[in-house]
Amino acid sequence: MPFDPASLTYDDRGLIPAIAQDAATDEVLMMAWMNAEAVARTLESGRVTYWSRSRSEFWVKGESSGHVQELVEMRVDCDRDCLLVRVRQTGPACHTNRRSCFYTAVRDGEEIEIMAPEAG
Numbered sequence: 005m006p007f008d009p010a011s012l013t014y015d016d017r018g019l020i021p022a023i024a025q026d027a028a029t030d031e032v033l034m035m036a037w038m039n040a041e042a043v044a045r046t047l048e049s050g051r052v053t054y055w056s057r058s059r060s061e062f063w064v065k066g067e068s069s070g071h072v073q074e075l076v077e078m079r080v081d082c083d084r085d086c087l088l089v090r091v092r093q094t095g096p097a098c099h100t101n102r103r104s105c106f107y108t109a110v111r112d113g114e115e116i117e118i119m120a121p122e123a124g
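Heads up: the sequence shown runs through residues 5 to 124, numbered per this note's numbering.
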């Protein structure tokens, strides 16, 4: 059955959360938003494309930083309201220059930085 981005369940802004996961290590790298057009562009180009809520424009991951996300596989959750994009990540995924955006842990009621920025 052919996939249609319109078959997904989007929020009232027309967005769906997309979790990026490293296809080789299963590490969760980041979460961002897509709209139907970003989903279609990602599938057509193989370069993960998000919708920037702050800039109200498409954002091809790595277009300016060089930290590209190459799509390996897109998965749809059971409710069709969240995506998992399995990627081949070049460089850090986070804008803070860390491998993952999830670099802060809450342990024993304290926030602890568990991942330092990569060397520039």
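From the three backbone atoms N, C-alpha and C, an ideal C-beta is built for every residue, glycine too.
Contacting residues, own chain, Cβ-Cβ under 7 Å from residue i (five flanking each side not counted)
i   : result
V76 : A27, R90, V91, R92
V64 : R51, T53
S56 : W63
A42 : T53, Y54, W55, F62
Continuous alpha helix (DSSP H) stretch holding residue i: start and end
i   : result
V43 : 40 to 49
First through last residue of the beta strand (DSSP E) which encompasses residue i
i    : result
P121 : No beta strand (DSSP E) holds P121; DSSP gives it neither H nor E.
R102 : No beta strand (DSSP E) contains R102, which DSSP labels as neither H nor E.
V52  : No beta strand (DSSP E) holds V52; DSSP gives it neither H nor E.
L75  : 73 to 80
E61  : 61 to 64
Cut-off 8 Å between Cβ atoms - residues of its own chain near residue i, not counting five sequence neighbours on either side
i   : result
T46 : M38, V52, T53, L75, M78, V89
T81 : Per the sequence shown, residue 81 should be read as Asp rather than Thr. If we look at D81 and ignore the five residues flanking it on each side, its Cβ neighbours are L87, L88.
S11 : R84
Contacting residues, own chain, Cβ-Cβ under 6 Å from residue i (five flanking each side not counted)
i   : result
C14 : In the sequence as displayed, the identity of residue 14 is Tyr instead of Cys. The answer, listed in chain order, is I20.
G95 : H71
G18 : N39
A44 : P9
Local conformation of residue i per DSSP, three classes
i   : result
A10 : helix
P96 : coil
A28 : coil
L19 : coil
R84 : coil
M5  : coil
E67 : coil
Touch test, the region 97 to 117 against the region 29 to 37, Cβ-Cβ under 8 Å, three pairs minimum: yes
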